[in-house]
Amino acid sequence: MTLQKETPILTAQIRALYRELDKKFHLRGANIPITFGFETDSLGAYNQNGHGQREHFHFSLLFIGYAVKNPLSKEDRLDLYKHEYAHYMQYNMTIPKLCQWQPGIHGSAWKYCCSLVGAAPTPYYKAGEALMNHNYDKVLKNPIHDKTVTIRDQHRREQEYKRTQNVIVKYETGENVDHPKFGEGTIVKIEQQPGSVTLHIRFGEEVKVIDQKWLIQTKYKKGKIQRD
């Protein structure tokens, strides 16, 4: 796929920016793994260690890829990278007590980090916002008036938790599953990928590749593990 061929270039661009920020703030964000996906409702994310996953940055190629129909502008793409770096900063550097009064993923600590890197201090993407002059002093002192932000933050945490669950391998090679169409099958191979786990299941002479998440959601019966 054309978009996937762009990942080395995008990775180099992001790491170059993060190296500059690392040098300025004495951090190591440029050393953190960067992954890419094809999400339609999320531009990017910074994920901490935990819930079965390792720390990493993640970006959707459907927004930052050059081959898509309407990619982000250069300025908005840069702002996105800074937005996620600010999330990394809020968990990896000392935040002044005056900037710890508002909780949440996009609370005062994160907005303080945005002020340091020059990112738009707003939770959701708006085209052209990267070119605006933001009054960080006002943003840091005033609470968010949108009462749904806390709910959105909770929703985002729940969604991120669900995504992390998708990368935890919950089956074993040799384990049997009972498929409603193909009958009983045996897992012969497991592939763990960024954001998902795929199972290669042999049904008779044929091997089917099925997403583990789908298998769990449909509550396929699990059999005993075969032993040679």
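Residue numbers (the working numbering): 1 to 228. Just so you know, even glycine gets a beta-carbon here, dropped at the ideal spot from N, CA and C.
Ile190 beta carbon less than 7 Å from that of Thr173: It is a contact, given that the beta carbons lie within the stated cut-off.
Beta strand (DSSP E) segment containing Lys208, residue limits: If you look at Lys208, you'll find it in the beta strand (DSSP E) that goes 206-211.
Classification of Ser73 by the beta-carbon crowding that lies within 10 angstroms, buried from 16 upward: Answer is exposed; the Cβ neighbour count stays below 16.
DSSP three-state assignment for Ala119, whether helix, strand or coil: Coil, per DSSP.
Asn47 in three-state terms, based on DSSP: The DSSP-derived three-state label of Asn47 is strand.
Ala45 beta carbon near the ligand GTP (any heavy atom closer than 6 Å): With respect to the ligand GTP, the structure offers nothing, as it holds no ligand at all.
Rounded separation between Ala119 and Leu10 - CA only: So the two alpha carbons sit approximately 19 Å from each other.
Residue environment, Glu84, which counts as buried when at least 16 other CB atoms sit within 10 Å: Buried, because 16 or more other Cβ atoms sit within 10 Å of the Cβ of Glu84.
Own chain, CB closer than 6 Å to Arg15, minus 5 neighbours either side, in chain order: For Arg15, same chain residues with a beta-carbon under 6 Å away, outside a window of 5 residues either side, are Ala30 in chain order.
Simplified DSSP state of Thr186, which is helix, strand or coil: The DSSP-derived three-state label of Thr186 is strand.
Helix, strand or coil at Gln102 according to DSSP, with G and I counted as helix: For Gln102, the secondary structure class from DSSP, reduced to helix, strand or coil, is coil.
Limits of the alpha helix (DSSP H) - the one that Glu20 falls within: For Glu20, the enclosing alpha helix (DSSP H) stretches over residues 7-25.
As assigned by DSSP and simplified to three states, the class of Asp41: In the structure shown, the three-state DSSP call for Asp41 is coil.
Cut-off 6 Å between Cβ atoms - residues of its own chain near Asn49, not counting five sequence neighbours on either side: Excluding positions up to five away in sequence, the list reads Glu55.
CB contact below 7 Å: Glu205 versus chain D: Of the protein chains in this structure there is only one, and it is not chain D.
Span of the beta strand (DSSP E), counted from its first residue to its last, around Glu175: Here the beta strand (DSSP E) through Glu175 covers 175-179.
Proximal residues to Lys5 (C-beta, below 8 Å), its chain only, five neighbours per side dropped: Closer than 8 Å at the Cβ level, and outside the excluded window around Lys5, lies no residue.
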